[in-house]
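Heads up: the structure comes next, in structure tokens.
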Amino acid sequence: MELGKIPPHDIEAEQAVLGSMLTDKEAIVSAIEVLRPEDFYRDDNKTIFKSISNIYAKGGAVDIITVKDELTTMAKLEAIGGLQYLAELPEKVPTTANVEKYIKIVEEKSLLRSLIKDANNLLDLGYSQTEDSTNIIESAQSKMFDMLQRKSQKGYEEISKILSSSLEEISKLSANDAKIRGTSTGYPDLDELLSGLKKTELILLAARPAMGKSAFALNIATNVALRARVPVVIFSLEMSKEQCAHRILCSQAMVDSRDFENGNLQDKDWQKIAVASGEIAESAGIFIDDTPGITVGEIRAKCRKLKLEKNIGLIVIDYLQLIQGNTRTNSREQEIAEISRSLKIIAKEVDVPIIALSQLSRALEARENHRPMLQDLRESGSIEQDADIVMFIYRDDYYRKDEAPPTNIAEIIVAKNRSGPLGKRELLWMPKYTKFASMEKRYG
27 MELGKIPPHD IEAEQAVLGS MLTDKEAIVS AIEVLRPEDF YRDDNKTIFK SISNIYAKGG
87 AVDIITVKDE LTTMAKLEAI GGLQYLAELP EKVPTTANVE KYIKIVEEKS LLRSLIKDAN
147 NLLDLGYSQT EDSTNIIESA QSKMFDMLQR KSQKGYEEIS KILSSSLEEI SKLSANDAKI
207 RGTSTGYPDL DELLSGLKKT ELILLAARPA MGKSAFALNI ATNVALRARV PVVIFSLEMS
267 KEQCAHRILC SQAMVDSRDF ENGNLQDKDW QKIAVASGEI AESAGIFIDD TPGITVGEIR
327 AKCRKLKLEK NIGLIVIDYL QLIQGNTRTN SREQEIAEIS RSLKIIAKEV DVPIIALSQL
387 SRALEARENH RPMLQDLRES GSIEQDADIV MFIYRDDYYR KDEAPPTNIA EIIVAKNRSG
447 PLGKRELLWM PKYTKFASME KRYG
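To convert, note that position 140 of the sequence shown is 166 in my numbering; the numbers rise steadily by one, no gaps.
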């Protein structure tokens, strides 16, 4: 901080908050809900706020005498100016009816001081050259997001308000003859089962290799960005961002992906690619990150940044087992447990659905019926517990290559659905285009 500059503060507002708390129980509740001791600039005011909070937490009555006794117990009475300063505080309150305004002023000044402190810390780190620039940037992003969250934090809410909001949303769906509450996957039959991709949900998409789980996730991401007009971020830990982009383009253009990679394209293919490229360019946005060895902490920081800058509405991770935990453990199962818990926290924190792809255990290959079950989740336990929805992809053709002509039917099995029914939906698998399409079937 530059010499001579005084940090933002408002002593009168701090005193008005404390004076209100000493005379009005409702003011205590309002202040404790929003403020913390460190939000007060002066140490004496911090201490008084802490003492009032202590008394209130113990269920005691708050007034000048009880606060004086609490401060005496804390050995802080003389440090705050004695009984005289306490007695002056209620006199500094024009009216307790304005306590919410006083609280807002104190909170705002505190946030400004935090910004200044964090900016100075960043300057110190930059000049010291002891930290990697990436770590400094991620730290800055995290702190900024925390501050923004605090400003928008609602905390608890009365149930009638929650229900009023929910009923209004459902009423709109009914009026528009809509079937789903979340963002459409682009597959109507699946949307009917899931009610779309809902905010804060962790959706696990699992399958054995070659079933098309990456293709299906990319298809959904493309549908969300192009049709629902919702920005998407894809963390592609297995494919490069170029491979990922090529798959999306070929799938959208309905062009053979092998011909594309080999440059064996006809004029009609180029026309399709031109149209698809334009559609993708005009979409809400698809952002691809292929950082190798990315940690769950780095994913969190990037998602926070993209939420602020691009207002992303869907996160896709391909795939969960390739993410590194924030802390190294001797047990891979413990590390996966930490990762799955962290992904659920990110979904709630950023307020978007996350589709995380996952491997399945080889054990199912030894069974006569190869359809996946929850027990087949590799390093499962916590993965199954943390996920709101678990979906499997199963293609019977894969196991019967020599027995009959392929049907190209893929089963999407919803084995867990925290807020809806379980079931199965069939999609058409088009391997040439790495694309899944609706079968346009009805399910009772």
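Beta carbons are placed, not taken as given, at the ideal position from N, Cα and C, and that holds for glycine. It should be emphasised that the depicted structure is a prediction, and the values quoted were computed from it without experimental measurement.
### Task
Can you tell me the Cβ-Cβ gap for ASN245 and LYS450, rounded? I've got them flagged as a contact below 8 Å.
Not a contact, Cβ separation roughly 18 Å.
### Query
In three-state DSSP terms, what is PRO33?
coil
### Query
I think VAL440 touches MET465, with their Cβ atoms under 8 Å apart; what is that distance to the nearest whole Å?
16 Å between Cβ atoms; not a contact.
#### Entry: Residues of its chain near GLU364, where Cβ-Cβ distance is below 6 Å and the 5 sequence neighbours each way are ignored
GLY351
### Residue from ALA166, GLU133, ARG330 with nearest C-alpha to LEU149
ALA166
### Message
Distance check for PHE242 and LEU231, CA to CA, integer angstroms please.
### Response
9 Å
### Task
May I have a chain-ordered list of the alpha helix (DSSP H) segments no shorter than 4 residues that lie completely inside the segment 94–162?
108–114, 125–154
### Message
I believe ILE312 touches ALA247 by the beta-carbon criterion, under 8 Å. Please report the beta-carbon distance rounded to the nearest angstrom.
### Response
Contact between ILE312 and ALA247 is confirmed by a C-beta separation of about 6 Å, below the 8 Å threshold.
### Query
For the alpha helix (DSSP H) that contains ALA241, what are its first and last residues?
For ALA241, the enclosing alpha helix (DSSP H) starts and ends at 239–252.
### Message
Let's see if you can read the secondary structure: which residues bound the alpha helix (DSSP H) around PHE75?
### Response
PHE75 -> alpha helix (DSSP H) spans 69–83.
### Message
Between the alpha carbons of ALA392 and PRO398, how many angstroms are there, rounded?
### Response
12 Å
### Query
Skipping 5 residues on each side, what residues in its chain have a beta carbon closer than 8 Å to that of THR92?
ILE81, GLY86
### Query
If you pair each beta-carbon of the segment 209–227 with each one of the segment 430–449, do three or more pairs fall below 8 Å?
Yes, they touch.
#### Entry: Interface flag, VAL342 vs chain B, CB-CB below 8 Å
In the structure shown, chain B does not exist; there is a single protein chain.
### Task
Within its chain, find whatever has a CB closer than 6 Å to the CB of ALA57; leave out the 5 residues flanking it on each side and keep chain order.
VAL43, MET47, ILE129
### Task
Can you check DSSP and say which residues form a bridge with ILE312?
VAL258
### Counted within 10 angstroms of its Cβ, other Cβ atoms place SER357 as buried (16 or more) or exposed
Here SER357 is exposed. Its C-beta has fewer than 16 other C-beta atoms within 10 Å.
### Beta-carbon proximity of MET237 to ARG421, cut-off 8 Å
yes
### Query
So which of LEU137, LEU112, ILE90 has the shortest CA-CA distance to ARG62?
LEU137
### Task
Count the other C-beta atoms from every protein chain shown that fall within 10 angstroms of the C-beta of GLN41, then say buried if there are 16 or more, exposed otherwise.
buried
### Query
Would DSSP call ARG62 helix, strand or coil?
coil
### Message
Check for me: the beta strand (DSSP E) holding GLU375 runs from which residue to which?
### Response
GLU375 -> not in any beta strand (DSSP E); alpha helix (DSSP H) instead, spanning 358–376.
### Query
Hey, LEU228 and ALA373: beta-carbon distance below 8 Å or not?
yes
#### Entry: HIS35 versus VAL322: straight-line alpha-carbon distance, rounded
37 Å
### Message
In whole angstroms, give me the CA-to-CA distance for LYS467 and ASP65.
### Response
Note that LYS467 scores 48 on pLDDT, short of 50, meaning its location in the model is unreliable; the coordinates nonetheless yield the value given after this. Approximately 59 Å between the Cα atoms of the pair.
### Query
Within the chosen definition, does the segment 253–261 reach the segment 327–342 through at least 3 CB pairs nearer than 8 Å?
Between the segment 253–261 and the segment 327–342, the count of Cβ pairs shorter than 8 Å is three or higher; the stretches touch.
#### Entry: With 16 other Cβ atoms within 10 Å as the buried cut-off, status of LEU448
exposed
### Residues bridged to ALA232 (per DSSP)
SER384, PHE418
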